[in-house]
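Residue numbering for the sequence shown is 375 to 739, as defined by the working numbering.
Working notes, structure below.
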Amino acid sequence: MDLNVKPSMECTFDAVSLGEVMLRLDPGEGRIRTARNFQVWEGGGEYNVIRGLHKCFGLNTAVITSFADNEIGRLMKDLIEQGGINTSLIHWKKTDGIGRSCRNGINFTERGFGIRGALGCSDRANTAISQATPGDFNFDYIFGELGVRWLHTGGIYAALSAQSCETVIAACKSAKKYGTLVSYDLNYRPSMWSAIGGIKKAQEVNKEIAKYVDVMIGNEEDFTACLGFGIEGNDSRLKELNIDGYKKMIEKAAKTYPNFKAVATTLRTVRTATVNDWKALCWAEGSIHMSREYNNLEIMDRVGGGDSFASGLIYGLMTTGDPAKAVNYGAAHGALAMTTPGDTSMASINEVEAIMGGGGARVKR
């Protein structure tokens with residue numbers, strides 16, 4: 375599979391992400407409603423992917439985002455830098471001191487346990503990144519002069535505001551203009567799209583973005599809501615689908631968007647909040663490639679598992695060009711990421727490759 379990835383010596387960055395980074399407030403084993411202490415993490419659907427690409431897989435990455443220029447924004451910058459991500463592309467927006475003109479996003483997240491599912495409560499309206507314009511980032515400079523091999527963005531950022539819809543489209547167009555590969559996670563959230571036009575707006579925006587995407591990530595619900603490609607006669611979740619039905623759906627999408635080089639998704643069966651069955655698949659060049667299955671996977675924190683899948687998939691595609699290997703990098707990395715707290719991965723590439731090879735949980739000394 376030839377993705378025609380730009381040589382690393384021609385680019386400043388292996389990968390960049392465009393999206394919102396929020397401050398996650400985590401009550402640990404407790405509940406948001408009764409907490410007296412929170413641990414802080416940084417996280418965001420698009421950001422988590424490039425953090426994994428750097429921290430686990432060793433690629434040179436940067437984040438494209440915007441923060442309100444205050445102490446919370448500076449905390450976010452510090453957290454990002456602790457993960458080794460380049461922060462030079464962050465746009466700083468002046469604020470009025472109380473968040474009226476713009477603010478930084480906050481996300482309260484419970485991990486869940488047993489019969490109690492994970493719970494998120496976000497506070498992200500009117501954030502700096504939701505107001506950002508293409509001119510705030512100068513995409514011609516980023517993709518043309520600096521050079522980037524891979525851009526990752528997604529539907530959560532696109533749904534933040536009417537302005538973010540325009541900004542993500544401009545970024546994808548510029549990336550393609552300069553030969554940067556684009557991956558996009560549809561990540562359909564009806565509650566986010568409802569304020570800016572609902573499913574009609576979601577389809578309008580995502581159908582335009584899809585024209586510039588090389589690697590599309592999403593499940594059946596995402597494809598149905600965002601692009602209008604469902605599986606006829608199927609009312610169940612993707613984890614229960616016939617693979618032939620999924621393949622037919624993807625083939626319809628690939629015929630409409632011949633620029634799709636690969637399409638991938640995770641397949642999760644939730645037994646309890648702390649025990650899931652987990653696997654993934656990747657479609658490329660007319661074939662479906664299934665990952666190894668991780669049944670009865672014990673979960674500490676499921677938030678960010680799909681993002682870690684995406685970073686493993688991207689790493690595998692960039693370095694091997696083999697979708698069968700890539701989907702296994704993604705599934706193993708996602709599985710490991712869910713064994714630790716926080717949105718982002720704490721795994722190493724050696725751990726990922728050991729799990730891919732059938733390694734277990736025996737103590738290592």
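Note that the Cβ used here is the ideal one computed from N, Cα and C, for glycine as well.
Predicted model only: the values in this text are computed from it and were never measured.
Subject >> Uninterrupted beta strand (DSSP E) stretches inside the stretch 493-556 (no shorter than 3 residues) >> reply: Secondary structure remark: continuous beta strand (DSSP E) runs of at least 3 residues inside the stretch 493-556, in chain order: 493-497, 522-528.
Original post:
What separation, rounded to the nearest whole angstrom, lies between the Cα atoms of A654 and K547?
Top reply: When rounded, the distance between both Cα atoms is 29 Å.
Original post:
What distance in whole Å lies between the Cβ atoms of Y562 and C600, which are believed to be in contact at a cut-off of 8 Å?
Top reply: About 5 Å separates the two Cβ atoms, so the contact holds.
**OP:** List the DSSP bridge partners of E672.
**Re:** Paired residue(s): V649.
Original post:
Which same chain residues, not among the five before or five after G704, have their C-beta less than 6 Å away from its C-beta?
Top reply: Here G704 has A654, F683, G686, L687 as same chain residues with Cβ atoms under 6 Å from its own Cβ, once five neighbours each way along the sequence are excluded.
**OP:** Under the assumption that A442 contacts C476 (Cβ atoms under 8 Å), give the Cβ distance between them as a whole number of angstroms.
**Re:** With 8 Å as the limit, A442 and C476 qualify as a contact, their Cβ atoms being about 5 Å apart.
**OP:** Could you name the residues of the same chain whose beta carbon sits closer than 7 Å to that of T501, not counting the 5 residues immediately before and after it, in chain order?
**Re:** Within the same chain, T501 has close Cβ partners E394, C476, R477, N478, G479.
Subject >> Cβ shell of D596 (< 6 Å), same chain only, five flanking positions each side left out >> reply: Excluding residues within five positions, the ones whose Cβ falls inside 6 Å are L560, Y562.
Original post:
Does DSSP put G752 in a helix, in a strand, or in coil?
Top reply: In the structure displayed, the chain extends from 375 to 739; residue 752 sits before or after that span and is not available.
Subject >> Exposed unless 16 or more other CB atoms sit within 10 angstroms - verdict on G417 >> reply: Taking all protein chains in view, the Cβ of G417 is crowded by 16 or more other Cβ atoms within 10 Å, so the residue is classified as buried.
Original post:
Mind checking Y515: buried by the 16 CB within 10 Å criterion, or exposed?
Top reply: Of the residues assessed, Y515 falls on the exposed side of the cut-off, its CB having fewer than 16 other CB atoms within 10 angstroms.
**OP:** Name the two residues that bound the continuous beta strand (DSSP E) containing D388.
**Re:** Here the beta strand (DSSP E) through D388 covers 387-392.
**OP:** Could you please give me the residues that DSSP links to D681 through a beta bridge?
**Re:** When beta bridges are read from the DSSP output, D681 appears opposite no residue.
Subject >> Selected residue, minimal CA-CA separation from M396, among Y558, N650, G716 >> reply: Comparing C-alpha distances from M396 to each of Y558, N650, G716 shows the shortest one belongs to G716.
Original post:
First and last residue of the beta strand (DSSP E) that includes G708?
Top reply: Element bounds for G708: not the beta strand (DSSP E) but the alpha helix (DSSP H), 697-711.
Original post:
Within 10 angstroms of its Cβ, does N650 collect 16 or more other Cβ (buried), or is it exposed?
Top reply: Counting Cβ neighbours within 10 Å, N650 comes out buried, since at least 16 surround it.
**OP:** Use the C-beta contact count for M383: other C-beta atoms within 10 angstroms, 16 or more gives buried, fewer gives exposed.
**Re:** Exposed: under 16 other Cβ atoms inside 10 Å.
Subject >> Coil, strand or helix - A728 by DSSP >> reply: Three-state DSSP puts A728 in a helix.
Original post:
With a Cβ-Cβ cutoff of 9 Å, do R523 and V423 count as a contact?
Top reply: In this structure, R523 keeps its C-beta atom at 9 Å or more from the C-beta atom of V423.
**OP:** Please name the residue in T640, I624, R676, Y558 whose C-alpha comes closest to that of M664.
**Re:** Answer by Cα proximity: T640.
Original post:
If we call anything under 9 Å between Cβ atoms a contact, is T386 one with V677?
Top reply: Not a contact, by the Cβ cut-off of 9 Å.
Original post:
Which of helix, strand or coil does DSSP assign to M623?
Top reply: Correct three-state label for M623: helix.
Subject >> Cβ-based burial, S610 [other Cβ within 10 Å; buried from 16] >> reply: Residue placement at S610 is flagged as unreliable, the pLDDT there being 47, under the threshold of 50; the coordinate-derived value follows with that caveat. S610 should be labelled exposed.
Subject >> Validate contact between the stretch 399-406 and the stretch 458-470 using beta carbons, cut 8 Å, 3 pairs >> reply: No, because fewer than three Cβ pairs between the stretch 399-406 and the stretch 458-470 fall closer than 8 Å, the two stretches do not touch.
Subject >> Member of R474, G473, C430 whose CA lies at the smallest distance from the CA of I746 >> reply: Residue 746 lies beyond the residue range present for the chain, which begins at 375 and ends at 739; the question has no answer from this structure.
Original post:
Just to confirm, are A706 and I729 a CB contact at a threshold of 9 Å?
Top reply: Yes; because the gap between Cβ atoms is below 9 Å, this pair is in contact.
**OP:** Spatial neighbours of W652 within its chain, please: CB distance less than 6 Å, with the 5 preceding and 5 following residues excluded, ordered by chain position.
**Re:** Excluding sequence neighbours, W652 sits near R642, Y668, L671, A709.
Original post:
What's the gap between the Cα of A698 and the Cα of V587?
Top reply: Spanning the two alpha carbons is a distance of roughly 20 Å.
**OP:** Report back the beta-carbon spacing between V390 and I438 to the nearest angstrom; my notes put them in contact at under 8 Å.
**Re:** With a contact defined as Cβ atoms closer than 8 Å, V390 and I438 qualify at about 6 Å.
**OP:** Using the DSSP secondary-structure output, state which residues sit across from S382 in a beta bridge.
**Re:** According to DSSP, S382 bridges with nothing at all.
Original post:
CB-CB under 6 Å to V556, same chain, minus the five flanking residues each way: which ones, in chain order?
Top reply: Setting aside the 5 residues that flank it on each side, V556 is surrounded in the same chain by L525, C546, A549, Y586, V587, D588, each with a C-beta closer than 6 Å to its C-beta; the list follows chain order.
Subject >> Close Cβ partners of F634 (< 6 Å) along its chain, the five nearest in sequence each way excluded >> reply: Only M590, A628 meet the Cβ criterion.
**OP:** Please look up how many angstroms separate the CB atoms of G528 and G619, rounded, as I've assumed it's under 8 Å.
**Re:** With a Cβ gap of about 25 Å, G528 and G619 do not count as contacting.
Original post:
Can you list, in chain order, the residues of its chain whose CB lies under 6 Å from that of E625, leaving out five sequence neighbours each side?
Top reply: Cβ neighbours of E625 beyond the five flanking positions: none.
Subject >> Pairwise C-alpha distance: G432 and G731 >> reply: Whole-angstrom Cα-Cα distance: 20 Å.
Subject >> From G602, A584, C495, residue whose alpha carbon lies closest to that of S565 >> reply: S565 has its Cα closest to that of C495, out of G602, A584, C495.
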